[in-house]
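*Asks:* For the sequence shown, the positions run 284 to 504 when our numbering is used. Starting off with a structure, shown below.
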Amino acid sequence: MAGDALDTAWAVRWIRAAADTVAEHRAELVNLDRAIGDGDHGENLDRGFTAAREKLDDEYAAPGAVLKMVAMTLMSKVGGAAGPLYGTAFLRAATSLGDGDASAEDVAAALAAARDGVVSRGKAEVGDATMVDAWTPAVDAAAQAAAGGATPAEVLAAAADAAQTGAESTDALQARKGRASYLGERSVGHRDPGAVSTVLLLRAAVDAATTADGSDEGPDA
Ligand code: ADP
Ligand code: MG
Numbered sequence: 284m285a286g287d288a289l290d291t292a293w294a295v296r297w298i299r300a301a302a303d304t305v306a307e308h309r310a311e312l313v314n315l316d317r318a319i320g321d322g323d324h325g326e327n328l329d330r331g332f333t334a335a336r337e338k339l340d341d342e343y344a345a346p347g348a349v350l351k352m353v354a355m356t357l358m359s360k361v362g363g364a365a366g367p368l369y370g371t372a373f374l375r376a377a378t379s380l381g382d383g384d385a386s387a388e389d390v391a392a393a394l395a396a397a398r399d400g401v402v403s404r405g406k407a408e409v410g411d412a413t414m415v416d417a418w419t420p421a422v423d424a425a426a427q428a429a430a431g432g433a434t435p436a437e438v439l440a441a442a443a444d445a446a447q448t449g450a451e452s453t454d455a456l457q458a459r460k461g462r463a464s465y466l467g468e469r470s471v472g473h474r475d476p477g478a479v480s481t482v483l484l485l486r487a488a489v490d491a492a493t494t495a496d497g498s499d500e501g502p503d504a
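Next comes the structure, spelled out in structure tokens:
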């Protein structure tokens, strides 16, 4: 049921969907990063999520266990800024979720923990034109949705929508963290690749939450 807590099968579907969407958008992420960075963001994430997908057939006791595996995989397989940042995000989310299924409040808390991990690792603030500009509005929208009685899937959807708006906001911003900051004012007019990949990952979480358990696993099954 839609109101039910999100379980381990959801987390497995999420990471499979994340690997799919990152692969589909690999060129787009590369192009965004080529404009203001070194052009590796799509490759980095594709390598990391492809490696994580290969471990999804193992046994996991809870959603947090899946996310912890993702964290470890991203930290070991993905270089650059995004590997440690997303690795920290997934690890903090895993710790926040603990051993249980995820209620709406748990989802909101896990997103906040993930964002806090990115901020503590990268020291970027809202307005610096990084993935934090997607994460922070997502966290705020998720908290509001959960407080208003939304289901876990609705909390994720609110987060993904807000992240999209936040990612769009980076178009007009000058980058103040990461490689893009080396461009100074020339970074204005470009969307931050990490903010775009944050939206992709959150959308995958929504898709996984709105796909019924027990349905087939899609084209890659
Ligand atoms: P690199 O910049 O090392 O090539 P990637 O291209 O994989 O790494 O990732 C770039 C993305 O990482 C940026 O688009 C931005 O969203 C994010 N990023 C970089 N530095 C920071 C930081 N200090 N805080 C938050 N996010 C950051
Ligand atoms: Mg890069």
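Heads up, the beta-carbon is just placed ideally off N, CA and C, and yes, glycines get one too.
#1: Below 7 Å, is the gap between the Cβ of Gly320 and the nearest heavy atom of the ligand MG?
#2: If you pair each beta-carbon of the region 388-405 with each one of the region 416-425, do three or more pairs fall below 8 Å?
#3: From Gly320 to Ala443, what does the alpha carbon distance come to, in whole angstroms?
#4: Which residues share a DSSP beta bridge with Leu312?
#5: For the region 449-463 against the region 431-441, are there 3 or more C-beta pairs whose distance is under 8 Å?
#6: For the alpha helix (DSSP H) containing Thr371, list its first residue and its last residue.
#7: Within a Cβ cutoff of 6 Å, which residues of the same chain sit near Asp329, ignoring the five residues on either side of it in sequence?
#8: Using three-state DSSP, classify Leu456 as helix, strand or coil.
#9: Helix, strand or coil, according to DSSP, for Leu289 in the structure here?
#10: May I ask which residues mark the beginning and end of the alpha helix (DSSP H) holding Val482?
#11: Taking the alpha-carbon positions, what's the Ala385 to Asp341 distance?
#12: So what does DSSP say about Ala433, is it helix, strand or coil?
#13: With 16 as the cutoff for other CB atoms within 10 Å, does Arg469 come out buried or exposed?
#14: Please classify Glu337 as buried or exposed, where buried requires at least 16 other C-beta atoms within 10 Å of its C-beta.
#15: Could you tell me the distance, in whole angstroms, from the CA atom of Met352 to the CA atom of Ser452?
#16: Could you tell me the alpha carbon to alpha carbon distance between Ala428 and Phe373, rounded to whole angstroms?
#17: Are there 16 or more other CB atoms within 10 angstroms of the CB of Glu437, so buried, or fewer, so exposed?
#18: At a cut-off of 7 Å, would you count Met414 as near the ligand ADP, judging by its Cβ distance to the nearest heavy atom?
#19: What do you get for Tyr465, buried or exposed, if any count of 16 or more other CB atoms within 10 angstroms of its CB means buried?
*Replies:* Quick answer:
#1: Against the sequence shown, residue 320 aligns to sequence position 37. The answer is yes for Gly320.
#2: yes
#3: Here residue 320 refers to the residue found at position 37 when the sequence shown is read from its first residue. Here residue 443 refers to the residue found at position 160 when the sequence shown is read from its first residue. Cα-Cα distance, rounded: 24 Å.
#4: Walking along the sequence shown from the start, residue 312 turns up at place 29. According to DSSP, which records beta bridges pairwise, Leu312 is partnered with nothing at all.
#5: no
#6: On the sequence shown, position 88 is the one that residue 371 refers to. 365-380 is the span of the alpha helix (DSSP H), which, as asked, contains Thr371.
#7: Translated into the one-based positions of the sequence shown, residue 329 becomes position 46. Only Val305, Ala306, Arg309 meet the Cβ criterion.
#8: Here the question's residue 456 lines up with position 173 in the sequence shown. Looking at Leu456 - three-state DSSP - the assignment turns out to be coil, as it is neither helix nor strand.
#9: Start at 1 with the first residue of the sequence shown, and residue 289 comes out as number 6. Residue state, collapsed to three classes: strand.
#10: Taking the sequence shown and counting its residues from 1, the one referred to as residue 482 is at position 199. Element bounds for Val482: 476-493.
#11: Translated into positions along the sequence shown, residue 385 becomes position 102. Translated into positions along the sequence shown, residue 341 becomes position 58. C-alpha separation (whole angstroms): 20 Å.
#12: The residue you call residue 433 lines up with position 150 of the sequence shown. In the structure shown, Ala433 sits in coil (DSSP, three-state: anything other than H, G, I, E or B).
#13: Looking up residue 469 in the sequence shown gives position 186. Counting Cβ neighbours within 10 Å, Arg469 comes out exposed, since fewer than 16 surround it.
#14: Taking the sequence shown and counting its residues from 1, the one referred to as residue 337 is at position 54. Classification of Glu337: exposed, given that the 10 Å Cβ count is below 16.
#15: Residue numbering aside, residue 352 sits at position 69 when the sequence shown is read from its first letter. Residue numbering aside, residue 452 sits at position 169 when the sequence shown is read from its first letter. So the two alpha carbons sit approximately 32 Å from each other.
#16: Your numbering for residue 428 matches position 145 in the sequence shown. Your numbering for residue 373 matches position 90 in the sequence shown. Ala428 and Phe373: Cα-Cα distance of roughly 21 Å.
#17: Numbered from 1 along the sequence shown, position 154 holds the residue referred to as residue 437. By the neighbour-count rule (16 or more Cβ atoms within 10 Å), Glu437 is buried.
#18: The residue labelled residue 414 in the question sits at position 131 within the sequence shown. Met414 Cβ: within cutoff of the ligand ADP.
#19: Position 182 of the sequence shown, counting from 1, holds the residue named residue 465. Exposed is the call here.
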